[in-house]
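> Numbering (this note's numbering), first residue to last: 229 to 328.
Ideal placement from N, C-alpha and C gives every residue a C-beta, glycine not left out.
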């Protein structure tokens with residue numbers, strides 16, 4: 229199972245912005261790419277969870293702890309995606325409330 233942590237890309241983005249805030253970034257990290265990466269991470273962890281559950285149910289695997297770990301990873305990943313969505317919507321609504 230290959231799980232790419234979302235926090236690594238966020239930390240890289242934040243640290244590169246903190247190093248040179250006045251200079252425009254020519255980096256490949258954009259807001260949409262970070263969100264796309266987060267959703268891909270959610271999808272991958274969900275597929276890993278479903279795959280390990282299917283293996284356990286069909287008798288191909290007997291590792292209950294691996295199944296529980298995959299389920300926890302999928303739950304945490306989904307919660308992170310939901311929190312990101314909420315923050316994005318909150319920021320959008322705040323921008324819409326601004327007066328020009």
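If you check the beta carbons only, do residue 277 and residue 298 fall under 8 Å apart?
Counting from 1 along the chain shown, the entry for residue 277 is found at position 49. Counting from 1 along the chain shown, the entry for residue 298 is found at position 70. Result yes, Cβ atoms of residue 277 and residue 298 sit closer than 8 Å.
> Label residue 316 either buried or exposed according to how many other C-beta atoms from any shown protein chain fall within 10 Å of its C-beta, with 16 as the threshold for buried.
Taking the chain shown and counting its residues from 1, the one referred to as residue 316 is at position 88. Residue 316 should be labelled exposed.
> For residue 283, collect the residues of the same chain with a Cβ closer than 6 Å to its Cβ; drop the 5 residues on either side in sequence, then sort them by chain order.
Here the question's residue 283 lines up with position 55 in the chain shown. For residue 283, where only same-chain residues beyond five positions count, the Cβ hits under 6 Å are 289.
> The alpha helix (DSSP H) that contains residue 291, what's its start and end?
Indexing the chain shown from 1 puts residue 291 at position 63. Per DSSP, residue 291 belongs to no alpha helix (DSSP H) and is neither H nor E.
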